[in-house]
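**Student:** Residue numbers (the working numbering): -4 to 127.
Here you go, one structure.
Below is the structure:
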């Protein structure tokens, strides 16, 4: 997918972030072909956009050892998407896909995933937690 279709993409994202985002989007849509019917090509572009930010936010949280920043960013995006009727389960699945892509691509270590990222994801997955 060409980057031209991605809205408001941060020009500071490197090719590794963009490639991971595109891979995550491909996996998500392979799992949910109904998303194409529901959201169309624009939805796919926004999915890649959001996945790029998820990758970047995870990288920053790990680099700065800042799970609170990751919690705030993910909670904000989750709240926004749920308010727009995007299924919460799809967001949580997207997070897991992004984590898997980052692990497979060497962008995230298993240790950092367990130490910084997974506790935040677990909190978001708990419906009793406030999301933003």
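No residue lacks a Cβ here, since even glycine has one placed at the ideal position from N, Cα and C.
Does DSSP put residue 60 in a helix, a strand or coil?
**Tutor:** Coil.
**Student:** Taking only three categories from DSSP, how would you classify residue 80?
**Tutor:** Note: residue 80 maps to coil in three-state DSSP.
**Student:** How long is the line joining the alpha carbons of residue 16 and residue 97, rounded to whole angstroms?
**Tutor:** For residue 16 and residue 97, the distance between alpha carbons rounds to 9 Å.
**Student:** I need the boundaries of the alpha helix (DSSP H) containing residue 110, first residue and last residue.
**Tutor:** That residue, residue 110, is in no alpha helix (DSSP H); it is neither H nor E in DSSP.
**Student:** Under DSSP, the alpha helix (DSSP H) around residue 8 begins and ends at which residues?
**Tutor:** Element bounds for residue 8: n/a, residue is neither H nor E.
**Student:** Would you mind stating whether residue 112 and residue 92 have Cβ atoms separated by less than 8 Å?
**Tutor:** Their beta carbons are not under 8 Å apart, which means residue 112 does not touch residue 92 by this criterion.
**Student:** Would the beta-carbon of residue 70 fall within 8 Å of that of residue 103?
**Tutor:** No, the pair does not count as a contact, with Cβ atoms beyond the cut-off.
**Student:** In three-state DSSP terms, what is residue 156?
**Tutor:** Not covered by the structure: residue 156. The range shown for the chain is -4 to 127.
**Student:** So residue 87 packs on residue 47, CB below 8 Å; how close in whole Å?
**Tutor:** Not confirmed; about 18 Å, so no contact.
**Student:** Within 10 angstroms of the Cβ of residue 53, are there 16 or more other Cβ atoms? Answer buried if so, exposed if not.
**Tutor:** Its Cβ being crowded by 16 or more others within 10 Å, residue 53 is buried.
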